[in-house]
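If you want our numbering, it's the 1-based position in the sequence shown plus 2.
For glycine and all other residues, C-beta sits at the position ideal for the given N, C-alpha and C.
First comes the structure, then the notes that go with it.
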Amino acid sequence: MIPLEILERLRYSLSEINSQILRNNYIKGLSELKFNLNAVRLFSEQQYYIASNDAKAIAIMYSRSDYPDNTFFFKLLEGHQIALERLERLITYFNIEKEKIYPLPSVVAYTHFLLKLSLFHPIQEQIFAILINFPIFIENINKMGKILQEKYNFPEVSFFVDSKWEREIEFLALKILEKYDINFEKVFKTTKMIQEYELIYWESLYQEAIKTNP
3 MIPLEILERL RYSLSEINSQ ILRNNYIKGL SELKFNLNAV RLFSEQQYYI
53 ASNDAKAIAI MYSRSDYPDN TFFFKLLEGH QIALERLERL ITYFNIEKEK
103 IYPLPSVVAY THFLLKLSLF HPIQEQIFAI LINFPIFIEN INKMGKILQE
153 KYNFPEVSFF VDSKWEREIE FLALKILEKY DINFEKVFKT TKMIQEYELI
203 YWESLYQEAI KTNP
């Protein structure tokens with residue numbers, strides 16, 4: 003199979019868990035106005051920790067790959083830097099002191115898996131994991147942004163609404179993968195794991211958000 007066919011097969015095989023991620027209870031709770039803005043503050047704190055560590059993991063992937071393959075990770079880092087700048091504005095809005103952020107283990111487990119992926123897995127698994135995971139996360143935060151604008155009249159939504167998954171990056175990734183042998187079972191295992199961590203992230207946020215509501 004060519005890389006595009008493998009990607010389509012992975013997305014089909016993971017459609018059930020992806021659907022669970024997109025229907026997660028945290029965003030559902032926001033949509034139903036079950037939470038106040040403490041839940042968004044919680045998201046901001048945990049996501050800042052995660053995004054800061056994700057950037058380091060992507061940088062490691064870049065350092066382990068050679069040109070032109072590392073162009074994929076370089077472009078990811080560029081986009082990630084912009085996302086961090088937007089997240090910084092969210093942190094500032096809530097007057098969050100970064101050094102006092104306490105990363106909740108179940109919420110931040112995702113980023114620790116991404117670090118393992120960057121250090122010990124081959125480029126094929128790294129790229130497919132990103133192609134499966136990042137678009138789903140972006141779809142969720144886009145949804146969050148719309149809810150925060152329309153139902154909470156929340157002003158600082160750039161992190162949520164301006165995030166986009168660029169298909170150009172996906173095309174670049176698929177081109178890079180053409181030169182590599184791909185073991186579908188190994189790639190499927192890795193992509194399934196990262197999506198399981200993604201689901202844990204959202205559902206753990208939900209459980210913690212319940213505690214923040216008075």
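| query | result |
| --- | --- |
| The alpha helix (DSSP H) enclosing PRO107, as first and last residue numbers | 107–122 |
| Buried versus exposed call for THR192 [16 or more other C-beta atoms within 10 Å across all chains shown] | buried |
| Beta-carbon proximity of SER165 to ILE134, cut-off 8 angstroms | no |
| For LEU159, three-class secondary structure by DSSP | The question names Leu, but residue 159 is Val in the sequence shown. Of the three classes helix, strand and coil, the one that applies to VAL159 here is coil, per DSSP. |
| Which of helix, strand or coil DSSP assigns to GLU168 | coil |
| Between the CA atoms of GLN83 and ILE8 - distance to the nearest angstrom | 29 angstroms |
| Residue of PHE162, LYS213, TYR203 minimising C-alpha distance to ILE149 | PHE162 |
| Every unbroken alpha helix (DSSP H) inside the region 6–41 [4 residues or more] | 17–24, 27–33 |
| DSSP three-state assignment for TYR104, whether helix, strand or coil | coil |
| Beta carbon of LEU201 nearer than 8 angstroms to that of ILE19 | yes |
| For SER54, the three-state DSSP class (helix, strand or coil) | helix |
| Beta carbon of PHE45 nearer than 8 angstroms to that of ILE60 | no |
| Whether LEU92 touches SER206 by CB criterion (8 angstroms) | no |
| Nonlocal neighbours in the same chain, by C-beta distance under 7 angstroms from GLU203, ignoring five residues either side | The sequence shown places Tyr at residue 203, not Glu. The residues are VAL109, TYR112. |
| 8 angstroms Cβ cutoff met for ILE196 and PRO5 | no |
| PRO5 beta carbon near the ligand PLP (any heavy atom closer than 7 angstroms) | This structure lacks the ligand PLP; in fact it carries no ligand of any kind. |
| Length of the line joining the Cα atoms of PRO70 and GLN48 | 33 angstroms |
| Presumed contact (8 angstroms Cβ cut-off) between MET63 and GLN128, rounded CB distance | 5 angstroms |
| Alpha carbon of LEU35 to alpha carbon of GLN151, nearest angstrom | 13 angstroms |
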